[in-house]
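Everything on this sheet refers to the single structure shown next.
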Amino acid sequence: MKIFKSTYTGIKLGASFWKISSIITLLQVLLTSLVGAAVWSWMGDTIGHSVGFNDLIKGYNHDVIQDLINHQSAGYNVVLKISLWILFLYILVSPFISAGTISCIIEGKDDIKLFLAKGSSYYFKFLSLSLLFLIIHLVFIALFGVLGSMILQSGLESYATEVPALRMIFGLIIIYAIIVIMLVSSSLIAKRELLVNGSGLFRAVGSGFKFAIQHFFYILGIGIIFLLISSIFAYGLNAVVNSVVENGFVMVMVALILQILIIWVRNLIRIMYQVTLVLNPFK
Amino acid sequence: MSDINSHRIANYEMEVWLDHDKKTIKAEQRLTWVNHSEVAIDSLPFYMYFNAFKNTESTFMKSAEGNIFGDDISTRTEETWGWAEINSIVANNQELVHKAKYIQHDGNLDDQSVICIYLNESVSPGDTLILDMKYDAKIPQIFARAGYEREDFFNMVHWFPQVGVLEEVDNIWQWNCHQFHRRTEFFGEFGNYDVTLHIADHLIVGASGCLVDTKSENGINTFRYIGQDIIDFAWCAYPHFCVVEDKWEHVDIRLLIPPEHSHLSDRVIRAVKHSLKYMTENVGPYPYNTITVMDPPMLGLKAGFMEYPTFITIGAFHIFPEGVRTLESLVAHEFAHQYFMGIVASNEKEEPWLDEGFVTYHEDKIMESLYGEEASMFNIGGYKVCNSSFSRQEYTNLPNPSTGAVARQGWEIKDGFKGITYSKTATVLKTIEGLLGNDLMIKLMQKYYNEYKFTHPKANDFLGLAKQFILDNGKEDAFGDVDCFFDQLIYGTGICDYAVGNISHFQPVKNLGIFDNQKEKTFSSGDKNDRLSAKIVLYRKGDVIIPVEVLMTFEDGTSKTEYWDGKNNYQEYIYHNSPRIAKVEIDPEKKVFIDIDFNNNSYEMKRNQTALLKVSSKAMYWVTQALQSLFVVI
Ligand SMILES: [Zn+2]
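Chains Z and W supply the protein sequences, listed in that same order.
In the numbering used here, each residue's number is its place in the first sequence (first place is 1) plus 20.
In the numbering used here, each residue's number is its place in the second sequence (first place is 1) plus 1.
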């Protein structure tokens, strides 16, 4: 089957891009370490000396966290704001990452210099494309949000039980997932068009959608396979992280390293997916 | 059941015909009422609950302020309103219906939720009155709890003309029969109920009491239920219920659950059995032979989350993860009401804290004894919360935890009904438990149960009993001024907050400076002292004064416990020739559970960098995961 063959090739080739995955991980961790720093100073300054704070080493503690949020809400709001700003900043950083990664994939080189060079030179073209896809995605989120709440509202009112409404919501989630897979694939193909054929923005977007529609099942199949791979992976490794008993400095460091490893592997899986679609057999 | 538990003052025999199409009932009821007072009685007030749903001018509707459970009442059509009307009242062969009058002791003259029946001949002390009534009622589509919904779902609670409670207040015998307010429901007299229901045979029925007889004729099923020593009677009907039956010791458990929730039956039954066990062992025997649990379908959800004698309603959902135990907690809560309201029948209208607060406390105890004290309520994806912490936070998370006192009349509560009446009360009781110790707390509750079962205790009854119990057990030191303790927490609105202010070390210098020595001024260079002095400053930031223990731990591993009466806002301890302080903990065992901020109760000189690293790295990890998941399309 074409789908499995391309997936296999994608995974095999993608696995060699460990340097690119590392630099993406580094960028992400650098950004989010700001959140870590904010949490450090907030908690350190407020409850760092409290005996109750030690309970957090064992895991979530409702008394400690709720009392903290109740009585030290200023710092909490700073952490929330910084997190939101980082999410926004990432929108600006990701075109750079995409341009660099896809260029390296096309040239078949796991080369950080190439990643940085292409990331900078195609940055603005990718930024416009990313914003366009982000807007399309947001429109779909809004649409599905409204649809979902309408189904819940009317479903709970007009049916005797909640089951039909739940089924409809489940159906809606599946349709939404399919749309996201199509959007992600179209966006990738459009990015390849920008890089390989030097197409204009709208032409590239057009051919992205055209390709996705023409090869609907192929794209859907690959999307589902990678969705499954990353879900199983995320679930499994999170279970590993949760099983680490972080009762001292060494174990906290072990968990931290594991967490960064999870982030790194997730990035690598994404690259494998990109390799599968960008180097696809349909020319 | 043959034991006679209560004085059986108000006893009902009823025969009820349900017209499920027209949503009406026709009923006949005989009330056998005993005048247990020392005065002759010539009138009796009755609750006419369904008239609360007659129009927007009832006290219930007015206090609902336009919406109930988020439902806009302005769109209600004619057939969705309800009412009750008595057609005949006969005593001693004399018709009295023309003399009956709606009364409005609570002020709203348009309200018809209480009717007064005036007798031709008064009932002497000790005598028995037999009153035969015939009435019709239109069942409302559920506004709250009582009524019908589509698919022939009926929840018949607070539905029949029920006599008020005759009680002695300040040596005067008077009726207590309030109008039906939005938030207050229960105050009824104990008695026996013999209820016969005639209901179409497609409906599955559940009710208070024991089912003693069934008949079937011409498409109508007849059920006869007998409930003894109860203060109210409720029933329900729905065609699609699955019936699950089980038994715990002498108690028949009957669960009515819609098919889409039936996979949750085991969880509900387990919670019922454990509640029975916990309350029996730690409060007192469950004196009834049955408990019926009704889980409404989604369309009847507004009938859920309620308690009636030997009949409780819950609220399940098709998807209910095991680690989310709010379902079990709800069962425990509604079951605990069998004791507080059902058996120890305080006035929920006037003193809801004696009802909901005691129930929330026991709900927490039931859950924590079943699932442990770490994660009894939530244990999902690392999110672990126990019930008592959850209750405490419902109180401390209020925008204003001083919004009102625990002791408030139900209809006066505009803010913090859940956070104060339920949760602050539960947290106060948990504080009493902390100060008394768990074993004595159980004994206190058992004493309250034994002394006030099948009666109508008031706040002072419990407070008097609790204070005496504390004194009898030599525990007054733990509470400080016992009267003041209860005044602050039950009638006051202040908060309790103890905090470690600061810790410092200094080297004391003695005999340094110029001293008069035999008419000469001489300079002394001071005594050297290698050892330090440690100074600890503590604050009481809230108004509430409760004595606390303070544990000082020194760097050499030794420790010292101080006892602070908490009377001043400021307290300092100075230790001379002391090792350096490692940490100071006020109330290290969290006995004073009502303290609004535990985090400031302690100070450790060395900051725990590892914990800090852990939480900071977790925050970083989660936000990175969010980045990776949220922006897949770009
Ligand atoms: Zn309750």
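C-beta atoms are modelled at their ideal positions from N, C-alpha and C, and glycine is treated no differently.
- W:Glu357 has its Cβ nearer than 6 Å to a heavy atom of ligand 1.
- Inclusion of Z:Cys124 and Z:Phe135 in the CB contact set at 7 Å is warranted, their separation being smaller than that value.
- Counting the other Cβ atoms within 10 Å of the Cβ of W:Phe161 gives 16 or more, which makes it buried.
- The C-alpha of W:Leu331 is placed about 13 Å away from the C-alpha of W:Lys366.
- Between W:Ile575 and W:Lys607, the gap from beta carbon to beta carbon reaches 7 Å or more.
- Linking Z:Ile239 to Z:Ser114 through their CA atoms gives a straight-line distance of about 22 Å.
- The beta carbon of Z:Trp284 sits no closer than 7 Å to any beta carbon of chain W.
- The shortest CA-to-CA distance from W:Thr33 to any of W:Gly493, W:Arg532, W:Gly192 and W:Trp174 is the one to W:Gly192.
- The three-state secondary structure of W:His577, taken from DSSP, is strand.
- Taking a Cβ-Cβ cut-off of 7 Å, the neighbours of Z:Asn262 in chain W comprise Gly383, given in sequence order.
- Between W:Leu533 and W:His506, the C-beta gap is smaller than 7 Å, which places the two residues in contact.
- In the DSSP assignment, W:Ser617 falls within the alpha helix (DSSP H) that extends over Gln610 to Leu631.
- Judged by DSSP in its simplified three-state form, W:Asn222 adopts strand.
- Think of a sphere of 7 Å around the beta carbon of Z:Asn74: the chain W residues whose beta carbon falls inside it are Asn609 and Ala612, in chain order.
- Considering only beta carbons, the part of the region 289-322 of chain W lying closer than 8 Å to chain Z consists of Pro298, Met299, Leu300, Phe318, His319 and Ile320, in chain order.
- When distances are taken from the beta-carbon of W:Val360 to the heavy atoms of ligand 1, the shortest one is below 6 Å.
- Annotation: W:Gln626 to Z:Leu46 spans about 14 Å, alpha carbon to alpha carbon.
- At a cut-off of 4 residues, the continuous stretches assigned as alpha helix (DSSP H) that sit fully inside the region 78-142 of chain Z are 82-91, 93-127 and 132-141.
- Taking 7 Å as the Cβ-Cβ cut-off, the region 398-423 of chain W approaches chain Z at Asn398, given in chain order.
- With 16 or more other Cβ atoms from the protein chains shown falling within 10 Å of its own Cβ, W:Met49 counts as buried.
- For W:Pro46, the three-state secondary structure derived from DSSP is strand.
- Taken in chain order, the whole alpha helix (DSSP H) runs of length 4 or more contained in the region 29-68 of chain Z are 38-66.
- With its beta carbon at least 7 Å from every one in chain Z, W:Tyr492 lies outside the interface.
- In this chain, the alpha helix (DSSP H) harbouring W:Asn439 covers Asn439 to Tyr453.
- Around the C-beta of W:Glu39, fewer than 16 other C-beta atoms lie within 10 Å, and the residue is accordingly described as exposed.
- Proximity of Z:Gly79 to chain W, defined by a Cβ-Cβ separation below 7 Å, is satisfied.
- DSSP places W:Arg409 in the coil class of the three-state scheme, outside both helix and strand.
- Put simply, the backbone Cα of W:Ala41 is about 6 Å away from that of W:Ser123.
- Contacts with chain W (Cβ-Cβ distance below 7 Å) from the region 23-55 of chain Z involve Gln48, Val49, Thr52, Ser53 and Val55, listed in chain order.
- The region 245-313 of chain W contains, as complete beta strand (DSSP E) runs of 3+ residues, the segments 252-258, 291-295 and 307-309 (chain order).
- Only Ser103, Ile106, Leu107, Tyr110, Ile111, Ser114, Pro115 and Ser118 from the region 103-131 of chain Z bring a Cβ to less than 8 Å from some Cβ of chain W.
- Counting along the chain, the unbroken alpha helix (DSSP H) around Z:Val270 starts and ends at Phe269 to Val298.
- The beta carbon of W:Phe516 sits closer than 7 Å to the beta carbons of Thr523 and Ser525 from its chain, once the five residues preceding and following it are set aside; these are given in chain order.
- W:His99 carries a helical assignment under DSSP once its states are collapsed to helix, strand and coil.
- With contacts defined as CB atoms closer than 7 Å, W:Thr223 and W:His199 qualify as a contacting pair.
- The beta carbon of Z:Thr181 sits closer than 7 Å to some beta carbon of chain W.
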